[in-house]
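**Student:** So the protein sequences, as listed, match chains R and X. Count along the first sequence from 1, add 243, and you get the number used in the numbering used here. Count along the second sequence from 1, add 38, and you get the number used in the numbering used here.
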Amino acid sequence: MNSKKTLGSIFKALAITSSLTAASFSFASTLTVSSPQDPGSWDPIDTFLVNWASVATNIYDGLTYRGPDLKLQPGLATSWQQLDDGKRIRFTLRQGVKFHDGENFNAAAVKFTFDRLMGDEGKKGPQRSNYSAIDSVEIIDDYTVDFHLKAADPVLLTKLAGYGAMIVPPKYIQEKGEDFFNTHPVGTGPFKFASYEPKVGIKLEGFAGHWGGAPKLTNLNYRFISEPSTAVAELQSGRVDLIIPPTIPIGMITTIEKDPNLEIATTISPTVYAMRFNTKNGITKDEKVRKALIYGVDRQAIINSILGGQAAQIASFQSAISFGDDPSMSPLPYDPTKAMQLLKEAGVKPGTKIQIDIRGNDATFNEVTQAIASYLQIIGLNATIKPYETNVLLNDIIPAGKTGEMFQQSWGGWTLDYDNTAYFMYHTGEKWNPYDSDPVLDKKLESQRSITDRAKRLEILQSIANYTANRALEMPLYNLNAIFAVSKKVKNFTPVPDSRLRLNEVTVE
Amino acid sequence: MANFLMKRFLQAVFVLLAVTLIVAFAIRLTGDPALMLTQGAGSVTEADLMLIREALGINKPFFVQYFEFLKGLFSFDFGRSFLGGTPVADLISKSLPATLMLASAVMFVSIVISIPLGIKAAVSKGKWVDQTIRIVSLVGLSFPNFWLALMLVLMFSVWLQWLPPSGMNGFTSFLMPAFTMAIILTAINVRLVRSSMLETLQSQYIMVARAKGLSENTVLYKHALRNCAIPLITYFGLQFGGLLGGIVIIERVFNWPGLGTLAFDAVSSRDYPVLQAVITILSMLIVSVNLLVDIAYGLIDPRIRTE
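Laid out in structure tokens, this is it:
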């Protein structure tokens with residue numbers, strides 16, 4: 244009897260404690276994210292990696308902000324005015340904002356951030372070149388700054404929403420030093436830094452003092468897992484709640500969809516794929532041949548069969564969310580008869596060899612290329628695929644103009660502005676344009692760079708898209724979706740196109 | 039013995055110098071890290087690239103860079119990672135213990151299992167015990183290690199949910215990576231111990247020992263094992279070296295934060311300082327293991343010392 248009573252009271256006590264713990268758990272929630280790569284530094288000017296942005300978007304704020312709907316909104320600046328024909332921008336800054344270390348955000352912090360970016364510290368990093376339009380930042384009063392520009396830059400406001408332009412705390416950096424800042428970031432974002440273990444992960448905590456309100460999560464942990472099957476196993480065993488792109492290969496989607504606890508969330512992304520042509524040598528020198536090759540490949544069939552429908556056809560080398568996309572353009576249809584006729588007109592004999600250079604590490608794209616090769620076989624060409632190590636292809640083969648007749652080009656561009664693609668792909672002498680030189684195109688590309696009138700710019704960008712499609716400078720393939728794998732415990736999660744995930748609204752059950 | 043050690047030590051230093059020189063040279067053939075770093079940044083001018091190269095210190099002549107590396111080596115200063123600027127020594131001091139721990143555990147498990155099993159197989163040559171051990175070890179040998187790793191993850195993490203699929207966090211996360219490699223190594227070692235033991239057991243002194251009426255265990259473990267130890271130690275030593283190199287795949291699959299992961303990331307981002315440091319450390323380890331093996335020879339077999 245006595246022992247029964249004791250047991251009973253023990254159980255009661257246990258029940259109370261466990262309900263207490265359950266209660267306290269409902270206040271504290273943790274989201275664990277699998278990210279494919281450790282960017283090595285959390286300083287905004289040290290990196291161009293999307294994997295940096297997917298974490299640091301939660302730590303820092305920019306003067307402007309671009310949410311999941313991709314519209315530009317006020318960030319640390321509440322409003323802005325273009326002055327002097329776009330050569331000066333006046334920002335009114337948000338008041339009462341504090342950095343995670345308690346320091347005040349004001350005009351001095353903005354000036355410090357950009358002086359640092361354009362100065363000695365910024366010289367060491369890759370971000371500076373993105374902001375080269377900025378000449379100087381002038382403090383008007385505590386909460387007003389003027390950006391003086393060397394030339395108008397229509398994309399600058401978008402650029403201020405990310406990467407190098409994230410606002411950093413002057414006092415903290417001056418006192419603790421640049422090295423310490425690299426591994427102990429401080430910003431004004433919704434989450435503050437807790438701990439970082441290189442190659443393992445970074446942990447953040449919700450920052451109650453955020454100007455936009457405290458985030459719903461208490462803890463936000465990122466783990467760096469590069470191997471897709473490992474990341475998926477972690478998700479399946481419940482130790483990771485979210486896998487962000489570009490980890491999940493198309494082939495793994497069914498595995499995740501079959502698991503009752505998991506789901507796939509996709510959205511359109513800025514990532515586009517194309518086979519670009521060597522317009523200087525070989526049979527692809529001839530525009531007719533280039534068009535024939537495009538007619539000869541059934542891109543929709545490739546999307547349906549190999550990509551499981553997770554992509555959309557494109558008519559120019561940009562996605563539908565890119566500023567400059569012309570929705571009235573349509574991709575050249577699949578027409579093998581026409582392709583063969585064009586090849587004949589161009590004097591290309593059946594059995595002519597054509598080489599396709601691709602990145603060797605992307606299994607899905609390998610399959611896509613094999614399909615392309617067999618379509619080319621159908622129209623009488625003898626295609627060979629040459630896979631390279633990614634870095635070698637990107638840094639040594641393409642810029643040096645040593646590719647075959649066709650080569651893979653995948654492109655993202657976080658500014659979602661066609662200029663960020665078109666200028667680098669088509670302007671004479673650019674790294675990604677080793678073959679072509681077209682004065683008409685050069686002029687078009689240059690002319691839109693200094694125009695701040697959006698409608699006018701859009702018109703020029705769309706005309707560039709049409710012009711390059713007419714010249715068939717590449718075979719536009721598809722716009723791949725951004726693929727996220729999520730545990731069903733995660734609520735309020737919205738997949739974003741550009742990997743810049745702000746997770747302040749997310750909760751975990 | 040002192041002479042012998044001195045000679046071996048000097049040889050080791052020479053090997054290390056040669057390795058670092060070759061590595062430093064070969065890495066620089068892979069391309070320009072400045073291009074790598076700016077790959078995703080829009081328009082980059084040659085002037086921007088020059089600034090980055092200057093900041094990274096790769097605009098200096100090769101031998102200046104090499105000597106700076108050697109100088110740093112003495113104070114365990116390997117420079118800074120090109121990707122993010124973390125001191126390489128910090129990265130190494132975190133990942134080296136992780137790799138050593140894993141590799142030692144694998145060696146330990148495989149030796150502890152393979153010696154008794156190998157001896158058992160040798161003693162019962164041709165009988166069912168021997169056959170079974172040989173077949174099982176053949177099966178173990180035939181697994182590619184990444185496949186075995188994925189199967190273990192599927193079974194123990196996804197289905198049974200007993201063990202964490204990746205990471206380094208406590209004893210449980212240690213089991214799968216260690217066993218994946220140990221299974222394959224053990225399979226190899228069992229066969230090795232068996233054949234080495236078989237050879238020894240046919241020697242005359244074993245017959246003499248048996249004729250003296252010594253117990254079977256004394257014959258096996260005191261007389262036979264000591265004599266077949268030399269080839270085994272050589273082999274285990276080499277194996278440990280190979281293990282350190284081969285651990286890259288396992289570390290990647292299990293997301294183990296060791297030297298392999300570090301090297302893998304460094305290769306893909308042309309991070310010269312990190313790669314140079316990892317290879318130097320690995321070769322130092324391999325050279326020292328070989329040195330230890332040589333010393334162990336001397337201790338086990340006095341004839342080698344005097345040669």
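All C-beta atoms in this analysis are idealised placements derived from N, C-alpha and C, irrespective of residue type, glycine included. The structure presented is a predicted model; accordingly, all values stated were derived computationally and were not measured.
For a quick check, are the C-beta atoms of residue 294 (chain R) and residue 311 (chain R) less than 8 Å apart?
**Tutor:** No, the Cβ-Cβ distance between residue 294 (chain R) and residue 311 (chain R) is not below 8 Å.
**Student:** Give the DSSP bridge partners of residue 652 (chain R), in chain order.
**Tutor:** According to DSSP, which records beta bridges pairwise, residue 652 (chain R) is partnered with R:517.
**Student:** Is the CB-CB distance between residue 614 (chain R) and residue 723 (chain R) below 8 Å?
**Tutor:** No. Outside cutoff.
**Student:** In chain X, what lies closer than 8 Å to residue 639 (chain R) by C-beta?
**Tutor:** In chain order: 69.
**Student:** Suppose the cutoff is 6 Å on Cβ atoms and the five residues either side in sequence are ignored; what does the same chain contact list for residue 693 (chain R) look like?
**Tutor:** 394 and 395.
**Student:** So, is residue 490 (chain R) buried or exposed, given that buried needs 16 or more other C-beta atoms within 10 angstroms?
**Tutor:** Its Cβ being crowded by 16 or more others within 10 Å, residue 490 (chain R) is buried.
**Student:** In terms of DSSP beta bridges, what is residue 444 (chain R) paired with?
**Tutor:** Answer is R:440 and R:466, bridged to residue 444 (chain R).
**Student:** Residue 437 (chain R): buried (16+ other C-beta within 10 angstroms of its C-beta) or exposed?
**Tutor:** With fewer than 16 other Cβ atoms within 10 Å, it is exposed.
**Student:** Less than 8 Å between the C-beta atoms of residue 733 (chain R) and residue 336 (chain R), yes or no?
**Tutor:** Cβ atoms of residue 733 (chain R) and residue 336 (chain R): not closer than 8 Å.
**Student:** Alpha carbon to alpha carbon, how far is residue 199 (chain X) from residue 737 (chain R)? Give it in angstroms, no decimals.
**Tutor:** If I take the Cα positions, the gap works out to 29 Å.
**Student:** Nearest by alpha-carbon distance to residue 575 (chain R): which of R:747, R:682, R:714 and R:316 is it?
**Tutor:** Checking every option, the nearest Cα to that of residue 575 (chain R) belongs to R:714.
**Student:** What residues in its chain sit with their C-beta under 6 Å from that of residue 739 (chain R), if we drop five residues either side in the sequence?
**Tutor:** Excluding sequence neighbours, residue 739 (chain R) sits near 311.
**Student:** When you compare only the Cα positions, how much space is there between residue 361 (chain R) and residue 638 (chain R)?
**Tutor:** Going by the C-alpha atoms only, they are around 25 Å apart.
**Student:** Expressed to the nearest angstrom, what Euclidean distance is found between the alpha-carbon atoms of residue 661 (chain R) and residue 677 (chain R)?
**Tutor:** Each residue's Cα considered, the two are about 19 Å apart.
**Student:** I need the straight-line Cα distance from residue 118 (chain X) to residue 138 (chain X), nearest angstrom please.
**Tutor:** Residue 118 (chain X) and residue 138 (chain X): Cα-Cα distance of roughly 23 Å.
**Student:** Out of curiosity, what's the CA-to-CA distance linking residue 580 (chain R) and residue 197 (chain X)?
**Tutor:** Looking at the two C-alpha atoms, the distance is approximately 52 Å.
**Student:** Kindly identify the DSSP beta-bridge partner or partners of residue 634 (chain R).
**Tutor:** DSSP, once it has assigned bridges, lists no residue as partnering residue 634 (chain R).
**Student:** Take residue 250 (chain R) and list the residues in its own chain whose beta-carbon comes closer than 7 Å to its own, dropping the five residues that flank it on each side.
**Tutor:** Legend: pLDDT at residue 250 (chain R) = 46, less than 50; position of this residue unreliable, value from coordinates given subsequently. Here the set comprises nothing.
**Student:** My understanding is that residue 476 (chain R) touches residue 203 (chain X), with C-beta atoms under 8 Å, so please give their C-beta distance in whole angstroms.
**Tutor:** Yes, residue 476 (chain R) and residue 203 (chain X) are in contact; Cβ-Cβ is about 4 Å, under 8 Å.
**Student:** Please tell me whether residue 302 (chain R) has its Cβ less than 8 Å away from any Cβ of chain X.
**Tutor:** Answer no: the Cβ-Cβ gap between residue 302 (chain R) and chain X never drops below 8 Å.
**Student:** Check whether the stretch 145-153 of chain X touches the stretch 215-225 of chain X, taking contact to mean three or more Cβ pairs, one atom from each stretch, closer than 8 Å.
**Tutor:** With the cut-off at 8 Å, the stretch 145-153 of chain X and the stretch 215-225 of chain X touch.
**Student:** Relative to the C-alpha of residue 440 (chain R), which candidate in X:97, X:296, X:281 and X:255 has its C-alpha closest?
**Tutor:** Residue X:296 is the option with its Cα nearest to residue 440 (chain R).
**Student:** Would you kindly work out how many angstroms separate the C-alpha atoms of residue 717 (chain R) and residue 648 (chain R), rounded to a whole number?
**Tutor:** Taking the straight line joining both Cα atoms gives about 11 Å.
**Student:** Is the stretch 210-218 of chain X close to the stretch 492-510 of chain R, with three or more CB pairs under 8 Å?
**Tutor:** No, because fewer than three Cβ pairs between the stretch 210-218 of chain X and the stretch 492-510 of chain R fall closer than 8 Å, the two stretches do not touch.
**Student:** State the Cα-Cα distance for the pair residue 630 (chain R) and residue 283 (chain R), rounded to the nearest angstrom.
**Tutor:** The straight-line gap from Cα to Cα measures roughly 29 Å.
**Student:** Within 8 Å (strictly less), CB to CB, does residue 74 (chain X) reach chain R?
**Tutor:** Yes, because at least one Cβ of chain R sits closer than 8 Å to the Cβ of residue 74 (chain X).
**Student:** Work out the CA separation of residue 512 (chain R) and residue 653 (chain R) for me, nearest whole Å.
**Tutor:** Roughly 12 Å between the two C-alpha positions.
**Student:** Considering residue 381 (chain R), what are the terminal residues of the beta strand (DSSP E) in which it resides?
**Tutor:** Per DSSP, residue 381 (chain R) belongs to the beta strand (DSSP E) from 377-384.
**Student:** With a threshold of 8 Å between beta carbons, is residue 119 (chain X) in contact with chain R?
**Tutor:** Yes - at least one Cβ of chain R is within 8 Å of the one on residue 119 (chain X).
**Student:** Please identify, using Cβ separations under 8 Å, the residues of the stretch 420-439 of chain R that lie next to chain X, in order along the chain.
**Tutor:** Listed in sequence order: 422, 425 and 426.
**Student:** Which stretch, first to last residue, makes up the beta strand (DSSP E) that contains residue 387 (chain R)?
**Tutor:** 387-392 is the extent of the beta strand (DSSP E) around residue 387 (chain R).
**Student:** Are the beta-carbon atoms of residue 333 (chain X) and residue 43 (chain X) separated by less than 8 Å?
**Tutor:** Yes.
**Student:** Would you be able to state if there are at least three C-beta pairs under 8 Å between the stretch 301-310 of chain R and the stretch 403-413 of chain R?
**Tutor:** As far as the Cβ criterion goes, the stretch 403-413 of chain R touches the stretch 301-310 of chain R, which means the pair count is three or higher.
**Student:** Using a Cβ cut-off of 8 Å (strictly closer), state whether residue 283 (chain R) contacts chain X.
**Tutor:** At least one chain X Cβ lies under 8 Å of residue 283 (chain R).
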